[in-house]
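Here is the structure we will look at, set down as structure tokens.
2 protein chains.
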Amino acid sequence: MADAAIAEYQLSTEGKLKHFVVEVLEKSGVARDRAKVVAEVLVAADLRGVESHGVARLEPYYVGRIRAGHLNPKPNYQIVRETETTVLYDADNGLGHPVGKLAMAKVIEKAAKHGSAFGAVRNSNHFGIAGYYAMLALDHDMVGMASTNSVKYGAPTFGKDVMLGTNPLAFAVPAGKEPSFVFDFATTTVPKGKLEVYKRKNRPLETGWAIDELGESTTDPDAALRGALLPLGGFGVSHGGHKGYGLGLLVDILCGVLSGGAFGPSLPVATENKAGAISHWFGAFRVDAFRDVAEFKADMDKELRYFKDSHAAPGQSRVYVAGEIEHENTLRHRESGVPVHVKVWDGLQKLASELSIPFDLGR
Amino acid sequence: MADAAIAEYQLSTEGKLKHFVVEVLEKSGVARDRAKVVAEVLVAADLRGVESHGVARLEPYYVGRIRAGHLNPKPNYQIVRETETTVLYDADNGLGHPVGKLAMAKVIEKAAKHGSAFGAVRNSNHFGIAGYYAMLALDHDMVGMASTNSVKYGAPTFGKDVMLGTNPLAFAVPAGKEPSFVFDFATTTVPKGKLEVYKRKNRPLETGWAIDELGESTTDPDAALRGALLPLGGFGVSHGGHKGYGLGLLVDILCGVLSGGAFGPSLPVATENKAGAISHWFGAFRVDAFRDVAEFKADMDKELRYFKDSHAAPGQSRVYVAGEIEHENTLRHRESGVPVHVKVWDGLQKLASELSIPFDLGR
Chain F
10 MADAAIAEYQ
20 LSTEGKLKHF
30 VVEVLEKSGV
40 ARDRAKVVAE
50 VLVAADLRGV
60 ESHGVARLEP
70 YYVGRIRAGH
80 LNPKPNYQIV
90 RETETTVLYD
100 ADNGLGHPVG
110 KLAMAKVIEK
120 AAKHGSAFGA
130 VRNSNHFGIA
140 GYYAMLALDH
150 DMVGMASTNS
160 VKYGAPTFGK
170 DVMLGTNPLA
180 FAVPAGKEPS
190 FVFDFATTTV
200 PKGKLEVYKR
210 KNRPLETGWA
220 IDELGESTTD
230 PDAALRGALL
240 PLGGFGVSHG
250 GHKGYGLGLL
260 VDILCGVLSG
270 GAFGPSLPVA
280 TENKAGAISH
290 WFGAFRVDAF
300 RDVAEFKADM
310 DKELRYFKDS
320 HAAPGQSRVY
330 VAGEIEHENT
340 LRHRESGVPV
350 HVKVWDGLQK
360 LASELSIPFD
370 LGR
Chain P
10 MADAAIAEYQ
20 LSTEGKLKHF
30 VVEVLEKSGV
40 ARDRAKVVAE
50 VLVAADLRGV
60 ESHGVARLEP
70 YYVGRIRAGH
80 LNPKPNYQIV
90 RETETTVLYD
100 ADNGLGHPVG
110 KLAMAKVIEK
120 AAKHGSAFGA
130 VRNSNHFGIA
140 GYYAMLALDH
150 DMVGMASTNS
160 VKYGAPTFGK
170 DVMLGTNPLA
180 FAVPAGKEPS
190 FVFDFATTTV
200 PKGKLEVYKR
210 KNRPLETGWA
220 IDELGESTTD
230 PDAALRGALL
240 PLGGFGVSHG
250 GHKGYGLGLL
260 VDILCGVLSG
270 GAFGPSLPVA
280 TENKAGAISH
290 WFGAFRVDAF
300 RDVAEFKADM
310 DKELRYFKDS
320 HAAPGQSRVY
330 VAGEIEHENT
340 LRHRESGVPV
350 HVKVWDGLQK
360 LASELSIPFD
370 LGR
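So, in structure tokens, the structure goes:
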């Protein structure tokens with residue numbers, strides 16, 4: 010991505026992007042301290058190379074929805090149930106990032122006191138990359154977990170109805186000298202955006218990514234966009250599609266049903282414009298509840314290097330571990346600029362002009 | 010499976026199978042109360058239709074390993090670290106089932122007091138189906154989690170070395186009138202046993218199940234058996250193989266690294282005959298920490314029925330939810346007998362004769 014920066018990407022900086030997001034959200038009615046959290050999460054995605062979840066979403070997912078009245082810019086985030094090691098928030102249809110960070114911070118605080126904790130948030134909206142919240146546990150020498158349900162794009166195994174979100178799960182585990190293990194994945198095989206990219210490039214999809222409206226496997230991007238995404242493991246059960254479906258449904262249960270928020274039947278589909286009705290789920294536990302932290306981290310390094318140093322398959326240069334590429338992206342983008350796709354760049358410029366705020370994102 | 014019972018299966022009963030397992034293990038030096046737990050877990054697998062993890066494993070996984078001196082029949086299971094909400098056991102190279110149940114019971118006890126808890130076990134052996142332990146949470150109106158690493162069968166994405174077990178994860182969530190959601194899955198696309206079945210039947214494998222010794226995708230069972238299993242999501246990354254690999258590595262970390270047991274480099278491969286060196290991981294939290302239990306269960310029923318009542322894809326009769334088929338199997342096998350494959354039956358008969366115990370498994 011950074012290599013293509015000259016042609017299709019403009020380069021910005023972490024600081025400028027964050028500042029811009031804060032300005033835009035404040036102009037849209039969001040309190041500055043909350044806008045800062047959104048900026049932090051969105052720019053973390055761009056830094057990590059997950060550009061689909063970064064500033065590209067500022068207008069369509071957040072500002073546009075505030076302006077359309079679908080998302081509450083001044084929510085009253087509140088705790089509605091709490092025990093020693095659990096907490097449930099209601100997000101009052103506000104932005105997901107600030108309440109997500111609040112909930113994960115509370116989970117970490119409780120885990121610090123008692124060893125482990127879980128949290129959930131209901132009536133929320135898209136909260137960016139799940140990995141961001143799981144990673145908050147790392148500095149506390151804890152294992153972190155985060156998840157969210159989403160608007161519906163996908164079908165269950167053997168089904169044809171659009172019933173499940175991309176429902177990501179993220180886990181973060183601290184290491185020593187090696188970058189932390191950060192595993193953040195959607196439980197569908199591919200995201201909806203991938204179908205759109207293939208349609209634009211007029212390329213056939215791979216089998217196992219999607220079905221058409223009738224529920225048949227398809228490689229036609231148009232048919233797939235009218236149909237549904239398939240769970241991780243693909244079509245049917247022969248490649249484990251039921252496992253991806255199980256994970257997706259698990260996430261909908263842990264987020265939506267557990268929190269008393271929207272789930273399954275009441276979750277919106279992607280094309281509906283209404284209140285987000287999204288729920289999140291978080292967890293954390295202390296490493297030192299199980300082992301001395303230094304020993305654990307030394308063994309994590311050993312484990313991660315075991316995989317990184319293993320023999321690559323033909324045609325591959327090496328074996329990676331989860332979070333490694335994103336960590337390298339972050340270092341590189343901090344050093345030499347954060348790439349922003351020209352279409353996104355132009356969109357942000359337009360947004361700046363509409364909101365009468367300065368547009369100065371160039372590196 | 011039950012339909013084929015007449016030809017390839019003998020029918021037994023839950024009670025007779027359990028009694029037999031207890032007798033066999035007691036003769037092998039295992040204390041009766043522990044043998045009873047093993048019987049419970051193994052027969053639960055047969056009842057659920059997971060025959061690969063049932064009494065079929067009594068000799069090769071447990072008794073055979075005790076007789077060969079690889080597994081300690083009289084272990085000193087002990088707690089080596091503990092906080093309000095976490096517990097770590099050392100299994101002293103004993104059977105995994107009794108210590109797994111002990112650890113999950115302790116996790117449930119701690120979660121009952123404090124809201125949530127986690128546990129781990131090191132220096133253990135194969136503990137049967139992970140779902141059994143997750144399901145122990147159900148009667149307490151908790152969400153249960155269980156996992157284990159295993160001897161190595163699989164390769165990481167882009168790699169060719171045999172480095173990962175089938176590393177299952179299980180989650181159990183209570184429902185109301187509907188059977189509980191019980192999701193228990195290996196993080197490889199298929200188990201090793203499937204390659205052996207295909208070899209026996211002289212059938213080509215599906216692409217994405219395995220690689221050969223060189224790390225190339227293969228559909229040849231012989232080549233695959235000399236090679237490695239692929240993670241859920243298959244070969245490379247285009248179908249999400251990196252997600253299955255991430256899950257497999259996560260399990261190895263949560264079980265092996267966290268517990269201070271064996272992991273990655275020190276885990277045995279399937280063909281080695283030595284101490285199990287397996288570790289397990291457990292978790293639980295109270296539903297009522299988040300919502301009133303009755304409301305939660307009513308919503309779980311709504312969620313599960315939403316999927317079960319959705320439209321099936323062409324050629325499919327209906328959509329299932331995780332644990333549903335296994336629940337139906339259990340009811341049917343309790344009613345009309347537990348099928349035991351004739352080869353397994355003969356093996357048990359041989360075992361009975363070797364140990365001079367009565368063989369009376371017929372229904």
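In order, the protein sequence lines correspond to chains F and P.
Take the first sequence: its letters are residues 10 to 372, numbered as in the numbering used here.
Take the second sequence: its letters are residues 10 to 372, numbered as in the numbering used here.
The beta carbon of each residue, even a glycine, is placed where N, CA and C say it ideally should be.
For residue 262 of chain F and residue 224 of chain P, the gap between their C-alpha atoms comes out near 38 Å.
By the neighbour-count criterion, in which 16 or more other beta carbons inside 10 Å mark a residue as buried, residue 231 of chain F falls on the exposed side.
Contact between the stretch 228-243 of chain P and the stretch 160-174 of chain P is present, with at least three C-beta pairs closer than 8 Å. Nearest CB-CB separation between residue 170 of chain F and chain P: below the 8 Å threshold. In this structure the stretch 141-152 of chain P touches the stretch 112-131 of chain P; the number of beta carbon pairs closer than 8 Å is three or more. Secondary-structure assignment with DSSP links residue 71 of chain F through no beta bridge to anything. Comparing alpha-carbon positions, the option among P/349, P/250, P/301 and P/166 lying closest to residue 89 of chain F turns out to be P/301. In this chain, the alpha helix (DSSP H) harbouring residue 230 of chain F covers 230-235.
For residue 125 of chain F, the secondary structure class from DSSP, reduced to helix, strand or coil, is strand. When DSSP states are grouped into helix, strand and coil, residue 138 of chain P belongs to the coil group. Around the beta carbon of residue 283 of chain P, fewer than 16 other beta carbons lie within 10 angstroms, which makes this residue exposed. Taking the CA atoms as reference points, residue 144 of chain P sits about 47 Å from residue 349 of chain F. When P/158, P/105, P/111 and P/140 are compared, the shortest CA-CA separation from residue 133 of chain P is found for P/105. Using a Cβ distance threshold of 8 Å, residue 138 of chain P and residue 62 of chain P count as a contacting pair.
Residue 149 of chain P does not reach chain F, its nearest Cβ partner there being about 15 Å away, counting only Cβ pairs nearer than 9 Å. Chain-ordered, the chain F residues with CB closer than 9 Å to the CB of residue 220 of chain P read 322.
Annotation: Cβ neighbours of residue 262 of chain F in chain P (cutoff 8 Å, chain order): 182, 190, 309 and 312. At a cut-off of 8 Å, the C-beta of residue 291 of chain P has no neighbouring C-beta in chain F. Residue 161 of chain F has a beta carbon lying at 8 Å or more from every beta carbon in chain P. In chain order, 125 make up the part of chain F whose C-beta sits under 7 Å from the C-beta of residue 126 of chain P. Using a CB distance below 7 Å, the part of the stretch 79-91 of chain F facing chain P consists of 90, ordered along the chain. Between the beta-carbon of residue 294 of chain F and that of residue 95 of chain P there is about 6 Å, and that keeps the pair under the 8 Å contact cut. Here residue 151 of chain P carries a strand assignment [DSSP, helix/strand/coil]. Nearest Cα to residue 34 of chain P within the set P/369, P/371 and P/360: P/360. Every unbroken stretch of the alpha helix (DSSP H) spanning 4 or more residues and falling wholly within the stretch 231-302 of chain F is given here in chain order: 250-261. For residue 29 of chain P, no beta strand (DSSP E) segment is defined; the enclosing uninterrupted segment is the alpha helix (DSSP H) at 23-36. Think of a sphere of 7 Å around the beta carbon of residue 242 of chain F: the chain P residues whose beta carbon falls inside it are 241 and 242, in chain order. Just so you know, the alpha carbons of residue 46 of chain F and residue 85 of chain F end up roughly 16 Å apart. Look at residue 212 of chain P here: in three-state DSSP terms it is coil, with no helix or strand label.
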